[in-house]
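*Asks:* I am attaching a structure below and will ask some questions about it afterwards.
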Amino acid sequence: MKIGFIGLGNMGGPMARNLLKAGHQLTVSDLSQSAVAGLVEAGASAAASIAELARSDVEMIITMLPAAPHVKSVYLGEDGLLANVAPQVRLIDSSTIDPMSAREVAAAAEKQGNRMVDAPVSGGTGGATAGTLTFMVGGDKADFDVALPVLQAMGKNIVHCGPSGNGQVAKVANNMLLAITMIGTAEAMNLGVSLGMDPAVLAGIINTSSGRNWSSDTYNPYPGVMDNVPASRGYTGGFGTDLMLKDLGLATEAAKQARQPVILGGLAQQLYQTFSSQGNGALDFSAIIKLYNGAIK
Ligand code: NAD
50 MKIGFIGLGN MGGPMARNLL KAGHQLTVSD LSQSAVAGLV EAGASAAASI AELARSDVEM
110 IITMLPAAPH VKSVYLGEDG LLANVAPQVR LIDSSTIDPM SAREVAAAAE KQGNRMVDAP
170 VSGGTGGATA GTLTFMVGGD KADFDVALPV LQAMGKNIVH CGPSGNGQVA KVANNMLLAI
230 TMIGTAEAMN LGVSLGMDPA VLAGIINTSS GRNWSSDTYN PYPGVMDNVP ASRGYTGGFG
290 TDLMLKDLGL ATEAAKQARQ PVILGGLAQQ LYQTFSSQGN GALDFSAIIK LYNGAIK
């Protein structure tokens, strides 16, 4: 397929490379000229601007941008995608943004005849490179079916979540729960160890008992309990505290608009904000255990 790709950062760069590997023809654009040059070297063509990419010979355009303001400016801006793209071109936004903004952009696209789905991902930069991302897709089923073979070049688990915006709904709900379970696991591990338990024995009990969860059995925040997790390498790599903070902001904002309580989600946001404001924004999100125990390195 002839595909345009905008946003070649930590995630978009490797995703675009996987599209090339799968034999798709790619035209790319990014504010960073070095990101564009890397993809051109791998076989893509470069467009000088969003407008030029939108007007080029593409059948589908995928965007992977930092946050909602970037997505709105790229799609809705005066010289943006929608102002320049031909009606039959299909649009996929894989950025993580709030569901309301996703629905607003998709409605504007639809109004001028461009089918659009939101398709945020989980799986991190490792999954983007390996082509094993999970895509949570919101939009019409017929549009999901067209997007599916293209997304399969970048991901393994591709799920239709319902109408427009529902991909983002699934993403914010899951990540809010992840933050809550991580904080709960950190709290329980720290309590048990302070009361005299060996951390590995305690984790073993939790992981075969009713407290078991992904943060306890796959990504335990206590150092030394598991190999190959950020807690065992000084909380480097993994999923950064500030990225988790961004996703919690999306969850609480979406909750405000839906007039629904997110009591633990709001508390989790404040705990991560406190932790980030203490200079820990770049540490993996499991480092939140340091809020309980400053002696943990
Ligand atoms: P990033 O900051 O590394 O990349 C974003 C890219 O978009 C940059 O190259 C930037 O130059 C480009 N860009 C910004 N504004 C632009 C514009 N107006 N025109 C053209 N290019 C523009 O971000 P990332 O880590 O690749 O994340 C992208 C999205 O994926 C975010 O919404 C993030 O929340 C989500 N996400 C990230 C991860 C992760 O582990 N990094 C995991 C899951 C989801």
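For the working numbering, add 49 to where a residue sits in the sequence shown, where the first one is 1.
Ideal Cβ placement from N, Cα and C applies to all residues, glycine included.
Values in this document were obtained by computation on a predicted structure and should not be read as measured data.
1. Taking three-plus beta-carbon pairs below 8 angstroms as touching, is the region 287-296 in contact with the region 221-228?
2. Should Asp79 be labelled buried (16 or more other beta-carbon atoms within 10 Å of its own) or exposed?
3. DSSP on Met149, reduced to helix/strand/coil?
4. DSSP on Lys346, reduced to helix/strand/coil?
5. Please confirm whether Gln318 and Thr290 have their CB atoms less than 7 angstroms apart.
6. Taking the continuous beta strand (DSSP E) assigned at Leu140, which residues delimit it?
7. Quick one: is the Cβ of Asn224 within less than 6 angstroms of any heavy atom of the ligand NAD?
8. Specify the secondary structure class of Asn262 as computed by DSSP and reduced to three states.
9. Can you give me the Cβ contacts of Val218 inside the same chain, cut-off strictly under 6 angstroms, excluding the 5 residues immediately before and after it?
10. Can the beta-carbon of Ala252 be found closer than 7 angstroms to that of Asn269?
11. Could you check what DSSP says for Gly283 in three-state terms: helix, strand or coil?
12. Should Pro136 and Gly176 be called a contact, given that it needs their Cβ atoms to be closer than 7 angstroms?
13. With C-beta atoms as the reference, is Val186 less than 7 angstroms away from Ala158?
14. So which of Phe334, Met50, Ala86, Asn262 has the shortest CA-CA distance to Gly62?
15. Decide if Asp276 is buried, meaning its Cβ has at least 16 other Cβ atoms within 10 Å, or exposed.
16. Alpha carbon to alpha carbon, how far is Ala336 from Phe324? Give it in angstroms, no decimals.
17. At a cut-off of 6 angstroms, would you count Ile55 as near the ligand NAD, judging by its Cβ distance to the nearest heavy atom?
18. Compare the C-alpha of Ser143 against each of Lys305, Met165, Ser122 and name the closest.
19. Where does Gln201 sit, in a helix, a strand or coil, going by DSSP?
20. Please name the residue, chosen from Asn239, Gly180, Gly211, that lies closest to Arg71 on a Cα-to-Cα basis.
21. For Val166, which of helix, strand or coil comes out of DSSP?
*Replies:* Quick answer:
1. yes
2. buried
3. helix
4. Annotated three-state conformation of Lys346 is coil, per DSSP.
5. no
6. Per DSSP, Leu140 belongs to the beta strand (DSSP E) from 139-142.
7. no
8. coil
9. Pro148
10. yes
11. For Gly283, the secondary structure class from DSSP, reduced to helix, strand or coil, is coil.
12. no
13. no
14. Ala86
15. Its Cβ having fewer than 16 others within 10 Å, Asp276 is exposed.
16. 9 angstroms
17. yes
18. Met165
19. coil
20. According to the sequence as given, residue 71 is Ala; it is not Arg. Ranking Asn239, Gly180, Gly211 by Cα distance to Ala71 puts Gly180 first.
21. Three-state DSSP puts Val166 in a strand.
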